[in-house]
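Shown next, in structure tokens, is the structure this report addresses.
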Amino acid sequence: MRKVNSYSLLGYLISTFLKTVIMVKIFLTLLCTMFLTSCNAVGSKQFNLGNKKAKTDRNNTKLCVFGNVDSRPALWINHKRVILKDDDKSLSLNDMRGSVLAAVTEGENIYALCGNDKELVLWENNNATVICSVEVQNVAEIVVENGVPAAYFVTTNDVGEAELKRYCNGKTTTLLASEDFRYCFLRDIAVVNGKVYGALNTASQFGEAAVLADGKVTLLEKYMSEAYQIKIDGTDVFVCGSKFTGKQFDDSPEGENPSSAAIWRNGKAKTFAEEGRAMAIDTDKQGNLYAAVCNIGVGDDKCTLWKNGKKIKDITSAWNIEVVFLSVNGDNILIVGSEESEGIGGVNGVFVWENGKKTYLYEGAENVQLHGATCK
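Counting from 2, one number per residue, gives the positions in the sequence shown under our numbering.
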């Protein structure tokens, strides 16, 4: 029988132990790296499309939400932040300053219209084209016509004159000249069967709501009022906002002029929800009219859902609530907006409310401004 040297055995054991420690360390390092990479991908909710077309999670419906976060363009598709990037032009949404003013999906294609300082950029997936090099207002629309995107937008010159324009296939045409809607600014644009509609406000001291239809701008009210959104349903033209409800308008600095949420149907107003603003509207197949109403108060604001002039649900309670989208499809109700959770200096967030469940697309920005949403 061979006798084992105790020193050799000790050395063997120490060597084996050190090798095991090294292997465990390598394994843990790899595991942590994989975990952190996964966390970063999920936590940021962003993905770079590179030169590929965008793919979203849902098979049929794609929800686009757009605007800006801390003065940077922001676009979400089905709850994921999308960063469009044109490698040939060394340009991406991350490099730009401004807002995504409009966006829509068509199949697997993404079309977005982005203001970048004094440039207006049309994105077709990851191909960027500058279509305008003057100041534009923060309202626009994209409609895909025969597989080609058509962009509708408003330019403004140095003296405040505005023009409504259309860009398609490299050609820009003027739809409305400055004299057609002088002293007005557009809040919302809708394009239906090639016709352009809009919700406007005048630039007077107190402001009045107006509507753009059939190539003409018509005042909806003579006194203090606001228009936020326009909806076309068949031959009916709906505009939502707020209007003066007092008996006599007081234009003095100390004047108290009550207002209520309002919806104009073909120019005739109905008011409801005292001290509120109807910020988004939609209709269902049965002809019911829905509105997302935000109150104007001190402290917590509230957003509520109304149907045919009656409140049916509380949506959210926060500060500075702005709703930009309401969609009703059967029993499915979808609302998109932004809010501030803690008042002045609080946390800003972008939320989606769907059938009683509220989720956040983004939280924590110093400043959030949404321009709209689409759902196809």
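Think of the CB as a built atom: it goes at the ideal place given N, C-alpha and C, for glycine as much as any other residue. From a predicted model like this one, the values you see are computed outputs, not experimental measurements.
Limits of the unbroken beta strand (DSSP E) element including Asp-332 | Position 331 of the sequence shown, counting from 1, holds the residue named residue 332. Careful: Asp-332 lies outside any beta strand (DSSP E) and carries neither H nor E.
Helix, strand or coil for Glu-120, going by three-state DSSP, please let me know.
-> Here residue 120 corresponds to residue number 119 of the sequence shown, with the count starting at 1. Correct three-state label for Glu-120: strand.
Beta strand (DSSP E) segments (min. 3 residues) lying fully within the segment 86-135 = 99-107, 110-117, 120-125, 128-133
Length of the line joining the Cα atoms of Trp-354 and Glu-364 = In the sequence shown, counting from the first residue as 1, residue 354 sits at position 353. In the sequence shown, counting from the first residue as 1, residue 364 sits at position 363. So the alpha carbons of these two residues sit roughly 15 Å apart.
Could you tell me if Thr-174 is buried or exposed, where buried requires 16 or more neighbouring beta carbons within 10 angstroms of its beta carbon?
-> In the sequence shown, residue 174 corresponds to position 173, counting from 1. When all chains shown are included, Thr-174 counts as exposed.
Outcome for Ser-205 when other beta-carbon atoms lying within 10 angstroms are tallied against a minimum of 16 | Taking the first residue of the sequence shown as 1, we reach residue 205 at position 204. By the neighbour-count rule (16 or more Cβ atoms within 10 Å), Ser-205 is not buried but exposed.
Using the DSSP secondary-structure output, state which residues sit across from Phe-154 in a beta bridge.
-> Residue numbering aside, residue 154 sits at position 153 when the sequence shown is read from its first letter. For Phe-154, which the question treats as bridged, DSSP gives the partners Ala-141, Lys-166.
Measuring CB to CB, does Asn-321 end up less than 8 Å from Glu-340?
-> For the purposes of this step, residue 321 is taken as the residue at position 320 of the sequence shown. For the purposes of this step, residue 340 is taken as the residue at position 339 of the sequence shown. For Asn-321 and Glu-340, yes; Cβs fall inside 8 Å.
Counting pairs of beta carbons, one from the segment 221-234 and one from the segment 256-274, are three or more of them closer than 8 Å?
-> yes
If I'm right that Ala-374 touches Val-325 with Cβ under 8 Å, what's the distance once you round it to whole angstroms?
-> Stepping through the sequence shown from its first residue, residue 374 is reached at position 373. Stepping through the sequence shown from its first residue, residue 325 is reached at position 324. Right, their Cβ atoms sit about 6 Å apart.
With burial defined as no fewer than 16 other Cβ atoms inside 10 Å of the residue's Cβ, what is the status of Lys-86: buried or exposed?
-> In the sequence shown, the residue the question calls residue 86 occupies position 85. The residue is buried, with at least 16 neighbouring Cβ atoms inside 10 Å.
Exposed unless 16 or more other CB atoms sit within 10 angstroms - verdict on Ser-260 = The sequence position of residue 260 within the sequence shown is 259, counting from 1. Looking at its Cβ environment, which holds 16 or more other Cβ atoms inside 10 Å, Ser-260 is buried.
State the CB to CB distance for the pair Arg-278 and Asp-237, rounded to an integer number of angstroms; the pair is presumed to be in contact (CB under 8 Å).
-> Position 277 of the sequence shown, counting from 1, holds the residue named residue 278. Position 236 of the sequence shown, counting from 1, holds the residue named residue 237. With a Cβ gap of about 21 Å, Arg-278 and Asp-237 do not count as contacting.
Got a sec? Which residues, its chain only, sit under 6 Å from Ser-342 by beta carbon, not counting five neighbours each side?
-> Here residue 342 is taken as the residue at index 341 of the sequence shown, counted from 1. Counting only Cβ-Cβ distances below 6 Å, and skipping sequence neighbours, we find Ala-319, Val-348.
Cut-off 6 Å between Cβ atoms - residues of its own chain near Asn-52, not counting five sequence neighbours on either side | On the sequence shown, residue 52 is found 51 positions in, with the first residue counted as 1. At Asn-52 the pLDDT is 32, less than 50, meaning the model places this residue with poor confidence; the figure from the coordinates comes in the next sentence. Counting only Cβ-Cβ distances below 6 Å, and skipping sequence neighbours, we find Asn-127.
Ala-235: which of Val-218, Lys-217, Asp-283 sits nearest, CA to CA?
-> For the purposes of this step, residue 235 is identified with residue 234 of the sequence shown, where counting begins at 1. Checking the sequence, you will find Gly at residue 235 rather than Ala. Ranking the options by Cα distance to Gly-235, first place goes to Asp-283.
Return the chain-ordered list of same chain residues with a C-beta closer than 6 Å to the C-beta of Ile-132, the five sequence neighbours on each side being excluded.
-> Taking the first residue of the sequence shown as 1, we reach residue 132 at position 131. Contacts found: Leu-121, Leu-123, Tyr-168.
Would you mind sorting Gln-230 into buried or exposed? The rule is 16 or more other CB atoms within 10 Å of its CB.
-> Looking up residue 230 in the sequence shown gives position 229. Its Cβ being crowded by 16 or more others within 10 Å, Gln-230 is buried.
Find out if the Cβ-Cβ distance for the pair Val-66, Val-294 is shorter than 8 Å.
-> Position 65 of the sequence shown, counted from the start, is the residue given in the question as residue 66. Position 293 of the sequence shown, counted from the start, is the residue given in the question as residue 294. Result no, Cβ atoms of Val-66 and Val-294 do not sit closer than 8 Å.
Length of the line joining the Cα atoms of Lys-63 and Ile-336 | On the sequence shown, residue 63 is found 62 positions in, with the first residue counted as 1. On the sequence shown, residue 336 is found 335 positions in, with the first residue counted as 1. Those two C-alpha atoms are separated by around 14 Å.
Nearest to Gln-287 (by Cα), restricted to the options Asn-69, Ile-313, Val-329 = Residue 287 sits at position 286 when you count from the first residue of the sequence shown. The shortest C-alpha separation from Gln-287 is found at Val-329.
So does Ala-319 have its beta carbon nearer than 7 Å to some heavy atom of the ligand SAH?
-> As for the ligand SAH, it is missing from this structure, which has no ligand bound.
Using the rule of at least 16 other Cβ atoms within 10 Å of the residue's Cβ for burial, across every protein chain shown, is Glu-227 buried or exposed?
-> Your numbering for residue 227 matches position 226 in the sequence shown. Buried, since its Cβ has 16 or more Cβ neighbours within 10 Å.
CA nearest to the CA of Arg-188, picked from Leu-327, Glu-162, Leu-213 = Along the sequence shown, one-based indexing puts residue 188 at 187. That would be Leu-213, whose Cα lies nearest to the Cα of Arg-188.
Residue closest to Cys-304, alpha-carbon to alpha-carbon, out of Gly-108, Ala-281, Leu-290, Asn-289 | Position 303 of the sequence shown, counted from the start, is the residue given in the question as residue 304. For Cys-304, the nearest C-alpha among the options comes from Ala-281.
Contact under 8 Å by Cβ, Asn-139 with Leu-102 | Taking the first residue of the sequence shown as position 1, residue 139 is located at position 138. Taking the first residue of the sequence shown as position 1, residue 102 is located at position 101. It is a contact, given that the beta carbons lie within the stated cut-off.
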